[in-house]
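Q:
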Amino acid sequence: MDMILLAELAVNGVFVGLMYALIAAGIVLIYKTSGIANMAQGALAMTGAYVVVILASGLGMPIWVAIPLAIALMFAFGAAIERVALRRMIGQPVIMVIMLTIGLEILLRGVLPGFFGAAVKRLNLGIPNTPIFLGELFLNRAILIGGGVSLALILLSILFFNSRFGIIMRAVSDNQTASWSVGIKVERAIAVAWGLSATMATTSGVLWGATQGVDWSLSLLLIKALAIAILGGLDSIVGVLVAGIIVGLAESLATGILDPIVGGGTRDVVASAIILLTLLFRPHGLFGREHIERV
Amino acid sequence: MFFRKAGISFTRYQDERQLWRLPADRWTIAVIFLLLLAAPFLIDRLYVISYLLPLIIWSMAAMGLNLLMGGAGQIHLGYGAVIGIGAYASVHSMRAGVPFELALIIGGVAAAAVGIIFGAAALRVKGLYLAMATLAMQYIVDFVIVQFPAISGGSQAALSVPNVTFFGIPVQGDRAPYYVALAICTVLTVFMLNVRRTSFGRALAAVREKDYAASIIGVDPFRYKLLAFWVSSFIGGMMGAVLAVCYYRTISPDQFHLDLSIQLVAMVIVGGLGSVLGVFLGVGLILFAPIILNQLISWGADQFGLAIPMDLRAHLPLMLYGALIMGFLLVEPLGLAKIYNNIRNYFLVWPFRHAR
Amino acid sequence: MTERKTDQPILRCTGIERSFGGLRALKGVDVEVHKGEIFGLVGPNGSGKTTMVNVMTGFYPPNAGQVELYGERITGLAPHKVAKRGVARTFQNLALFKGMSVLDNILVGRHTHMRPSSLATLFYWIWAQREELAHRRVVEEIIDFMQLQDIRDEPVDVIPMGLQKRVELARALVAEPRFLILDEPMAGMNQEEKEYIARFILDARDERDVTILLIEHHMDVVTALCDRVTVLSYGEVIAQGEPRATIADPAVITAYLGARAAARHAGGAA
Amino acid sequence: QDKTIRFSLPMDFTRVYTFVTSEYSQGQRDYISLINGRGGIGGYTIVPDVSDHANDQPRAIEAYERGKSQGAVLIDPLSTPVARALVPRVLADKINMVTAFSGRSDAADGTAFPYVFPLSPNYWTQSGLLIDFFKQQDGGSLQGKTIAFVHIDTPFGKEPLPILEKLAEKEGYKLVAFPYTPPGNDQSAIWPQVRRARPDWVMFWGAGVGQTVALTEAARNGLDMSRVSGSVWVSESDMDVVGRDQTVGVLKVEPCASGRDPKIIQDILSEVVGTGKGAGPEDKVGTAYYNYGVMITALMLEGVRRAVEIAPDGPVSGEWLNAGLNSITDYTAEGLIPSTTITPEDHQGGGMARIARWTGERFEPVTDWFSANQDVVWEEVRKYSEEFKKTGN
Amino acid sequence: MALLSVNSVEVVYDQVSLAVKGASLEVPEAGLVALLGANGAGKSTILKSISGLLAPERGAVTRGSITFQGQDILALDPPARVRRGIVHVLEGRKVFEHLTPEENLIAATTMHSDRAMITDMVAHMFELFPRLKDRARAKAGYLSGGEQQMLAIARALMTRPKLLMMDEPSLGLAPLLVDEIFDIITRINREEGVAVLLVEQNAVAALDVVSHAYLIEQGRIVMHGPAEVLRENPDIKEAYLGGGTTHVDYHGVKHYRRRKRWLA
Ligand SMILES: Nc1ncnc2c1ncn2[C@@H]1O[C@H](COP(=O)(O)OP(=O)(O)OP(=O)(O)O)[C@@H](O)[C@H]1O
Ligand SMILES: Nc1ncnc2c1ncn2[C@@H]1O[C@H](COP(=O)(O)OP(=O)(O)OP(=O)(O)O)[C@@H](O)[C@H]1O
Ligand SMILES: [Mg+2]
Ligand SMILES: [Mg+2]
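As you go down the protein sequences, you meet chains A, B, C, D and E in turn. So the first sequence is numbered by this note's numbering: it starts at 2 and just counts up by one. So the second sequence is numbered by this note's numbering: it starts at 194 and just counts up by one. So the third sequence is numbered by this note's numbering: it starts at 5 and just counts up by one. So the fourth sequence is numbered by this note's numbering: it starts at 216 and just counts up by one. So the fifth sequence is numbered by this note's numbering: it starts at 36 and just counts up by one.
#1: What's the gap between the Cα of residue 278/E and the Cα of residue 472/B?
#2: What residues match up with residue 572/D in a beta bridge as DSSP calls it?
#3: At a CB-CB cut-off below 8 Å, which residues of chain B make contact with residue 170/C?
#4: For the beta strand (DSSP E) that residue 201/E lies in, which residues bound it at each end?
#5: Can you find the residues in the same chain that come closer than 8 Å, C-beta to C-beta, to residue 243/A, ignoring five residues on each side of it along the sequence?
#6: Candidates 285/A, 6/A, 16/A and 214/A: which alpha carbon is nearest residue 136/A's?
#7: For the alpha helix (DSSP H) containing residue 242/D, name the first residue and the last one.
#8: Less than 8 Å separating the beta-carbons of residue 79/E and residue 113/E?
#9: Verify whether the separation of the beta carbon atoms of residue 512/D and residue 247/D is less than 8 Å.
#10: Using a Cβ-Cβ distance under 8 Å, would residue 183/C count as near chain A?
#11: When you compare each of 430/B, 394/B, 360/B and 407/B to residue 300/B by their alpha carbons, which one comes out closest?
#12: With contact counted as at least three CB pairs below 8 Å, one residue from each stretch, are the stretch 239 to 254 of chain A and the stretch 194 to 212 of chain A in contact?
#13: Around the Cβ of residue 579/D, are there at least 16 other Cβ atoms within 10 angstroms (buried) or fewer (exposed)?
#14: Report the rounded CA-to-CA distance for residue 391/B versus residue 155/C, giving the unit in angstroms.
#15: Tell me whether residue 54/C, by its Cβ, gets closer than 7 Å to a heavy atom of ligand 3.
#16: Whole angstroms are fine: how far does the CA of residue 133/E sit from the CA of residue 178/A?
#17: Verify the contact flag: residue 129/E, CB atom, against every heavy atom of ligand 4, threshold strictly below 7 Å.
#18: So with CB distances below 9 Å, who are the chain E contacts of residue 542/B?
#19: Can you tell me whether residue 223/D is buried or exposed, with buried defined as 16 or more other CB within 10 angstroms of its CB?
#20: Against chain C, with Cβ distances strictly below 8 Å, would residue 137/E count as a contact?
#21: Using a Cβ-Cβ cutoff of less than 7 Å, which residues in the same chain neighbour residue 414/B once the five nearest sequence positions on both sides are dropped?
#22: Which value, in whole angstroms, describes the spacing of the CA atoms of residue 88/C and residue 66/C?
#23: Using the Cα positions of residue 52/E and residue 268/A, report the straight-line distance between them to the nearest angstrom.
#24: Looking at the structure shown, is residue 96/E part of a helix, part of a strand, or coil, going by DSSP?
#25: Where do the ends of the alpha helix (DSSP H) carrying residue 217/A lie?
#26: Rounded to the nearest angstrom, how far is the Cβ of residue 432/B from that of residue 254/B, given a contact under 8 Å?
#27: Contact criterion: CB-CB distance below 8 Å. Does residue 49/C meet it with respect to chain A?
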């Protein structure tokens with residue numbers, strides 16, 4: 002096995018993993034406040050990317066104006082979801098709320114391609130395609146930047162959770178009724194979480210959209226993100242970071258080492274196997290909080 | 194009003210334990226069942242073949258999943274794979290000459306055997322973590338089916354179902370598959386209805402609600418969770434065989450992908466966890482809302498000559514479908530079955546507003 | 005009723021140790037419950053009473069020590085196996101099965117006496133119905149006894165707390181246990197309701213031959229019902245013996261009762 | 216009312232095939248409008264029944280059964296899984312199914328699949344054409360060369376493998392295959408390996424996202440784009456997403472002429488789009504997928520024309536149309552497509568196409584219409600169609 | 036004027052079951068009022084209708100009004116009511132299980148912005164409940180029942196309420212602690228002027244500290260008056276105080292239900 006290739010794959014895997022982790026972090030953010038897995042996270046990424054494309058290509062804004070504006074709009078949109086839909090689901094069974102987000106996912110997958118065109122759209126961040134070489138080691142510029150941005154945002158959200166607001170968010174996720182009873186504005190906490198999460202989704206949507214183009218298939222990022230969030234432990238942002246890197250690395254190396262042997266795309270299977278094994282030994286993910294059950 | 198019942202008086206426990214205590218309910222069920230029996234002679238074959246038949250088959254799957262989700266409280270995101278295992282196992286055995294009746298069982302057992310391996314592994318984890326573990330199962334099974342042409346049926350990855358008979362009746366044409374599916378579905382429905390009033394179902398529910406409390410009553414939580422996995426996977430596997438024989442006739446790996454799993458989970462949840470009626474309602478909504486909305490939209494577009502762009506026209510049903518799911522859950526977060534119950538309760542106490 | 009009481013121990017716990025992380029919740033506790041008695045386990049909050057019971061019923065295997073039931077070592081046995089040996093209990097934080105009716109909750113209590121299977125479910129009319137009905141009769145007896153008739157068909161999560169406690173008791177009792185553990189059965193009950201539960205506990209012992217371990221903070225109940233009590237504090241036994249004498253122990257008063265409550269009880273006894 | 220011919224066109228507008236369907240369908244409907252506008256064929260008007268099946272089989276089956284009960288004589292589902300699932304039904308019901316650029320490759324054998332019509336070079340043919348083109352470019356021999364085949368890991372993506380392997384034996388090149396997991400939005404771990412294999416030619420097999428990502432990653436890895444090639448699915452829209460100037464030199468298989476020059480497209484522009492009856496945005500007219508739609512519909516309608524010739528008074532049925540489709544001879548759609556002949560044996564139509572190169576503006580043909588390696592392709596086709604006849608697979 | 040007044044409130048659960056049927060009660064400024072009643076009488080439901088926590092249980096106030104400091108509060112959401120000064124210690128110790136006791140306390144301070152004050156208040160709570168301080172680093176979910184009860188009370192006090200509603204605070208507490216808790220309740224009431232609405236089964240202790248009490252049966256208020264008066268009522272003695280004596284002969288209790296005279 003070629004060491005340089007392995008190194009290339011490893012570096013690549015780590016950074017791609019960070020990019021996945023960013024979407025997963027959005028899922029964690031929402032889970033931490035409302036105990037639900039947001040199945041519309043991928044669709045939010047798609048929506049964010051669409052908004053950027055609309056602003057940039059449709060309205061002719063420079064990309065560096067369009068992105069912050071889209072992020073702001075998406076924050077509002079995330080908060081609006083809470084106001085319109087989730088508010089009425091407080092205290093209802095979690096699984097039903099998850100189903101609601103599946104409905105939202107379907108809705109978004111209809112609205113954006115429906116109104117703004119289903120064809121793939123270009124999203125050009127102006128990152129040149131020319132490769133970077135460190136000696137013989139090839140580095141993918143777009144992925145380095147994407148991974149870097151993701152890492153920065155994830156670290157920021159870790160800081161955010163170490164504040165008093167973080168305690169309040171955790172209280173809300175623990176017990177919404179009790180939170181209400183001591184004056185926590187549960188709705189607002191959830192709205193902020195959704196807003197932030199939509200912001201993160203938008204960033205990921207832009208990063209991925211720059212490579213693959215913008216269309217409905219961005220919403221498929223959900224599955225990978227969910228897997229990473231759960232591997233990390235659903236309510237741990239640090240967990241997401243670690244899990245993202247693990248999955249990214251494993252997938253990247255699997256494609257390099259296993260694929261040629263098996264003759265098939267082993268990426269998802271390897272990731273699945275890792276998740277399955279981890280859950281066997283750590284039923285709450287790598288860093289997730291355990292389930293407290295006092296007998 | 195006709196629903197109304199003022200004070201029930203049963204003199205035997207047996208009567209009180211009937212599946213439907215109200216005569217009105219019993220009549221409704223009987224009429225619906227007779228209508229289903231007569232359907233192929235009453236309505237256009239299109240509706241039998243592409244509405245009633247899938248409704249029945251998907252309901253079987255959703256019931257199997259509901260036993261696990263609603264009955265034992267375990268989320269399963271790999272049920273599509275379970276069905277796939279059943280379908281492939283049974284079709285391969287039928288191609289090898291095994292009769293359909295036996296192939297059904299083989300499909301069930303194969304699915305249950307694989308299902309229970311993952312189940313045993315997955316049972317250490319709860320809730321969404323379990324969802325993930327079963328999702329992993331989905332991917333792994335998918336991978337195996339696709340990577341082994343011996344399973345998937347060569348490079349064309351299509352496996353056709355031979356002509357078979359079910360207790361002497363050839364399962365061909367439009368009607369026979371419908372009746373075969375209806376018969377199996379009826380048996381399954383009876384099973385599901387009975388689950389709630391037998392010790393088996395109660396033990397499952399106990400484990401679902403509070404496994405530690407169940408254990409001090411003598412219910413082994415692990416065993417019952419596994420049992421739930423076993424039975425539910427068995428049903429899924431059997432349904433896979435029915436799906437292959439009565440509906441698809443050619444099976445290919447993509448029929449059993451994650452999409453199917455998610456679709457089934459959606460059916461169970463939207464219908465209402467643990468409710469048998471809810472299963473049928475949920476399947477109806479999830480399976481047919483897209484089709485019907487599509488037809489409504491194109492009908493509307495043609496009628497009123499609306500010049501809506503193709504993209505919009507194609508995606509409008511999707512939007513409405515998503516909105517419909519959200520809408521129903523916002524109106525009644527416990528699912529369609531609960532909506533039905535609310536309406537029914539309203540009439541049960543009518544003309545009064547409150548039960549007490 | 006006293007004639008049933010013997011000194012034959014049915015449950016013997018020796019040197020039970022259990023810690024959670026750094027916290028030593030039980031520090032070598034010895035407890036012996038004799039056949040036919042009502043045995044009280046009291047102590048301040050957090051002293052390890054519930055933990056002790058959890059050790060006995062197999063929820064928390066002890067770090068050290070032995071549990072013997074009828075002379076058989078059951079240390080570390082899983083709860084459902086303990087249950088099969090005739091032990092039933094109620095929980096301090098209600099542990100009913102939500103989403104099921106009161107009747108179904110109690111019926112699950114018959115689990116050890118039934119033979120549940122999915123095939124029987126499928127062939128209900130042939131296999132299951134008779135058994136179901138037979139057990140239903142037993143359950144109805146308990147329902148009558150516990151006066152739960154009106155709420156038989158209510159979903160268990162909408163009935164008030166006090167009734168839920170009664171349902172849980174009923175569920176434990178239909179299992180026809182030899183040894184019953186009650187963890188604060190009277191918490192949140194008014195005097196009248198307490199009296200009912202007391203009556204029931206006594207009847208269970210006298211008529212059904214059940215040995216009972218009772219955890220309670222209501223001292224009047226403990227002194228009136230229990231034959232012997234053990235007082236725990238910080239995971240250690242600080243006093244043991246006949247109830248009235250035990251709670252007059254100064255160590256118990258400082259750790260558990262408090263001067264005022266002690267005075268109340270002393271006053272009443274006078 | 217009585218003189219209509221119904222085509223059932225359920226397609227995937229909202230799921231896996233979104234990248235192609237709306238343009239393809241637009242081309243189809245525009246061409247049908249063109250012909251209907253000219254009075255139809257032999258007095259018959261064509262009724263296209265377009266709907267969305269979202270690549271979901273129950274929905275597709277519903278659409279098929281609905282079409283069948285409404286008397287449709289032809290169905291074009293434009294989806295490989297759906298086409299596969301419908302094969303037994305159309306064979307039993309005698310309804311013609313068009314599986315252009317989709318479905319099973321062995322359906323080229325009309326003796327095994329009398330009612331299935333690929334009407335276009337299948338994936339085996341396409342890969343065979345590309346190999347032949349490489350050979351022409353490299354001076355008539357591929358001896359000792361390396362060809363990288365990057366493909367999506369689905370039955371569709373794996374399809375060319377047997378042909379490529381056979382030709383590798385025959386031509387003496389080294390084949391290295393790189394599967395990627397669907398949907399292919401992340402191929403960043405694949406392309407460094409492709410680069411390191413130092414291939415002389417790269418062939419990538421995918422569609423939609425898989426293609427744009429492949430092209431992007433190829434560019435990022437600094438591969439020589441003029442030695443990168445794809446199937447018929449490479450289109451202008453992919454180039455738009457990757458960046459028109461990033462992909463100059465990329466090769467594709469062209470089953471029909473692209474752009475607006477062909478006469479049929481000009482006619483559509485003046486008679487349909489120009490009169491406001493266009494089925495979609497005007498700027499899509501003449502794109503690769505649009506022209507595919509026109510191409511396939513032209514072939515279907517040529518089949519209708521032939522059927523009317525054979526039996527002017529019908530009765531309109533699947534069998535009636537089948538006879539027409541099976542007797543298409545030397546049809547070129549006024550220069551849009553290579554001369555195509557369909558026979559009861561050959562439902563592929565000869566397997567002709569050409570190779571085109573992206574200039575940054577459009578696809579410029581670099582060869583004439585040609586066909587190549589059909590012997591190998593048909594060997595493979597027969598192998599599977601025999602199997603199908605025997606076992607039904 | 037009364038701090039809180041509940042006027043003929045009717046509560047319906049799940050749109051059909053009527054749990055409270057036109058109940059009225061008042062809590063005076065800085066008053067200490069008890070609400071007594073059997074299991075299922077509707078005590079918790081009344082408290083929830085005051086704090087606004089019915090919605091998650093699919094309950095709703097369908098009739099009547101609730102005013103606090105003269106203003107109707109029915110339209111307010113629960114956090115807004117907490118900001119007005121109403122806090123509800125829920126039945127069954129709903130602590131934040133995954134948070135430590137200290138974090139539990141901090142979580143209840145969203146209405147305060149003064150960091151220093153919050154720190155002081157936390158310290159004060161640990162003084163009131165030293166047992167919590169010992170376990171300050173454990174997750175609240177692992178505390179014993181009594182410890183959780185103390186935490187729930189402390190957490191409610193962190194909001195600086197004007198009206199403290201407690202649903203069975205003595206439930207599951209050791210006698211020493213019950214006395215302590217009642218001491219604390221009186222102290223808070225007396226020293227800080229916090230009005231208290233107390234739901235209790237331990238009627239002996241409750242009637243000792245309160246000035247006024249309401250008795251509720253099956254969703255109706257059937258009796259109310261000053262504590263001394265109620266204490267002397269024979270029915271109350273029987274049902275709530277133990278037949279008038281402190282020591283009941285539990286062995287002699289009969290198997291039938293006594294009839295209560297206040298019932299129609
Ligand atoms: N699963 C657990 N994990 C961590 N700590 C625990 C656990 N269970 C109990 N503890 C701790 O052990 C100690 C004893 O708890 P236990 O529940 O046995 O007390 P108790 O005597 O029943 O008190 P109470 O009368 O309040 O119910 C407590 O300090 C409690 O916090
Ligand atoms: N979520 C609910 N859904 C339906 N009915 C309910 C619900 N909660 C309570 N009830 C009903 O309302 C009535 C009053 O209940 P509530 O909990 O207020 O009683 P309580 O007086 O607090 O009793 P306890 O002393 O047991 O706490 C009961 O009859 C109960 O069945
Ligand atoms: Mg305890
Ligand atoms: Mg209450």
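Ideal Cβ placement from N, Cα and C applies to all residues, glycine included.
A: With the structure as the only source:
#1: Because the pLDDT of residue 278/E is 45, which lies under 50, any placement of that residue in the model is unreliable, and the question is left without a value.
#2: In DSSP, residue 572/D forms a bridge with 466/D and 579/D.
#3: Under the 8 Å cutoff, chain B gives no residues; its nearest Cβ is about 15 Å from residue 170/C.
#4: 198 to 202
#5: The beta carbon of residue 243/A lies closer than 8 Å to those of 233, 287 and 288 in the same chain, with the five residues before and after it left out.
#6: Closest in C-alpha terms to residue 136/A, from the list 285/A, 6/A, 16/A and 214/A, comes 6/A.
#7: 233 to 252
#8: no
#9: Against a cut-off of 8 Å, the Cβ pair of residue 247/D and residue 512/D comes out as a contact.
#10: no
#11: 430/B
#12: The stretch 239 to 254 of chain A, when compared against the stretch 194 to 212 of chain A, does not touch it at the 8 Å Cβ threshold.
#13: By the neighbour-count rule (16 or more Cβ atoms within 10 Å), residue 579/D is not buried but exposed.
#14: 20 Å
#15: yes
#16: When rounded, the distance between both Cα atoms is 15 Å.
#17: no
#18: 51
#19: Residue 223/D sits buried, since 16 or more C-beta atoms from the chains shown fall within 10 Å of its C-beta.
#20: No - not a single Cβ of chain C is within 8 Å of the one on residue 137/E.
#21: 400, 404, 407 and 408
#22: 20 Å
#23: 55 Å
#24: strand
#25: Careful: residue 217/A lies outside any alpha helix (DSSP H) and carries neither H nor E.
#26: Yes, residue 432/B and residue 254/B are in contact; Cβ-Cβ is about 5 Å, under 8 Å.
#27: False, the Cβ-Cβ gap to chain A never drops below 8 Å.
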